[in-house]
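Numbering (this note's numbering), first residue to last: 36 to 528.
The following block contains the structure:
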């Protein structure tokens, strides 16, 4: 850890995360620097030093508290406000947003190979006005390949482009998926500069082409599907478009894939329908043979800028309680349970989150069937968020403006929160709803705020205490710091 400057008078950081547990445990972190400090004993001594810290200097600290002051300084719990940066100002945010962008080392392009779907999920993100849900429109090979080529141009040498086949239900256009893979493998060949292409599909798996397993195995495709709960719960959430239960068909395809050695990640979108069976759903995912398990609170707004019915919105407190129960149960390891496996990356020493996801950066473009390129799957069909086409240039102005608008120090509701650089502000869709004046829904707005804030803080708090417990165990046993298990990167959005 680099020794901080010691000259000026000190004060407690404005970005202080302070957690207490039991009679003597204390956990402190400055979210701008993220060097958590766990205090197993002596909480009152630390609190006393913090209460008397203003104006103190390292040189002037004497006696038994001098070492504690230095430790708090090393972890940036105490800072020199006159010389140390603690936030971003507007000019710096704008400059960073518009600065020349280096080639990316990782991109994910979402190809909406079709916008039609055979299910009628109660929470569908695809609005009927912005998505062509009932049409037979399908992406052409030319649009798909031009989109992939455009992404490869923006990718740095040695980088990886993940081609995600999305929809609608992408398996309704299975011939295109196979054609795109064939062209990538045969026509593009090894991408220049050692660039690599990986394939992913997000599917409800009710459509089962005869060669599905063969193609997935051959090209090492990753698979994400949705199981929202036990059969009776899932079927209430995800019926067929014309009615009828879908769980049995999806579960059978999952089992066939798993039996063939394919890793299938499963996601549950949490609504009021399934909020009370999260723990049961986690066990169900395990029983189906899933490689990863994810729980995603439903987004309250769809691509038509319409809010879901209030009755469908879950209770954030219930979600938090149930998800913490799953985490503590150990039925899934942290490395394979979303959001814990992704949020733990926010707590790496020195990490700093200034936006909630990668969408504003342009590293996750969404291409619809006609070749239009959008920021996010929730924003498809909204002209305001279209920044290019598969066959033309991409306009960086929208990316720059959105990056700046969503920066945590530009968001009124975030800029004074001490958690903001650990959180990043949460899902940008609800933030954009406020920035760009979507239709109002008081309950949905409150729900969106709580999912972005309370939910995120609860998950990060659980992770911080878990890390503290591991550190304490290592200290007690005299062991060194073990290597973290690798996190399997699966996009659950």
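Positions of the beta carbon are idealized from the N, C-alpha and C atoms, including for glycine.
| Which residues in the same chain as residue 456 place their Cβ atom closer than 8 Å to its Cβ, once the five residues preceding and following it in sequence are excluded? | 50, 66, 67, 69, 387, 388, 389, 443
| query | For residue 448, does the three-state DSSP call read helix, strand or coil? | reply | coil
| field | Meets three-Cβ-pair contact criterion under 8 Å: the segment 75–84 and the segment 120–128 | value | no
| field | Residue span of the alpha helix (DSSP H) that contains residue 102, given as start and end | value | 101–109
| Is the segment 157–177 in contact with the segment 237–245, if contact means three or more CB pairs nearer than 8 Å? | no
| query | What beta strand (DSSP E) runs, 3 residues minimum, are completely inside the segment 100–167? | reply | 139–147
| task | Figure out for me which residue from 156, 328, 192 has the closest Cα to the Cα of residue 278. | result | 156
| said: Mapping the DSSP letters down to three states, classify residue 51 as helix, strand or coil. | reply: strand
| When you compare each of 52, 58, 437, 72 to residue 505 by their alpha carbons, which one comes out closest? | 72
| Measuring CA to CA, which of 414, 191, 303, 134 is closest to residue 431? | 134
| said: Can you find the residues in the same chain that come closer than 7 Å, C-beta to C-beta, to residue 116, ignoring five residues on each side of it along the sequence? | reply: 46
| task | Go through its chain and collect everything with a Cβ distance to residue 203's Cβ below 8 Å, but skip five positions before and after it. | result | 147, 148, 149, 150, 151, 152, 161, 166, 168
| query | What does residue 197 pair with, by DSSP beta-bridge criteria? | reply | 143, 233
| What distance in whole Å lies between the Cβ atoms of residue 400 and residue 441, which are believed to be in contact at a cut-off of 8 Å? | With 8 Å as the limit, residue 441 and residue 400 do not qualify as a contact, their Cβ atoms being about 17 Å apart.
| task | Kindly give me the distance between the Cβ atoms of residue 297 and residue 349, rounded to whole angstroms, as I take these residues to be in contact under 8 Å. | result | Rounded, the Cβ-Cβ distance is 31 Å, inconsistent with contact.
| query | Taking DSSP as the reference, what is the three-state secondary structure of residue 311? | reply | helix
| query | Which whole-angstrom value describes the C-beta separation of residue 366 and residue 318, a residue pair presumed to lie in contact below a C-beta threshold of 8 Å? | reply | 6 Å
| field | Residue interval of the alpha helix (DSSP H) (run including residue 252) | value | 247–253
| Is it right to say residue 374 is buried, meaning 16 or more other beta carbons lie within 10 angstroms of its own, or is it exposed? | buried
| Where DSSP assigns a beta bridge to residue 303, which residues make up the other side? | 330
| query | Nearest to residue 52 by CA position, among 62, 332, 58, is which residue? | reply | 62
| Would DSSP call residue 454 helix, strand or coil? | coil
| query | Does the distance from the CB of residue 423 to the CB of residue 408 come in under 7 Å? | reply | yes
| query | Helix, strand or coil for residue 516 per DSSP? | reply | Interpretation of residue 516 is limited by its pLDDT of 49, a score under 50 that renders its predicted location unreliable; no figure is taken from the coordinates.
| message | Just to confirm the assignment, what range does the alpha helix (DSSP H) spanning residue 440 have? | response | 431–440
| query | Considering residue 423, what are the terminal residues of the beta strand (DSSP E) in which it resides? | reply | 421–424
| Assuming residue 333 contacts residue 323 under a Cβ cut-off of 8 Å, what Cβ separation, rounded to an integer in Å, is found between them? | Residue 333 to residue 323, Cβ: 21 Å. No contact.
| To the nearest angstrom, how far is it from the Cα of residue 102 to the Cα of residue 368? | 37 Å
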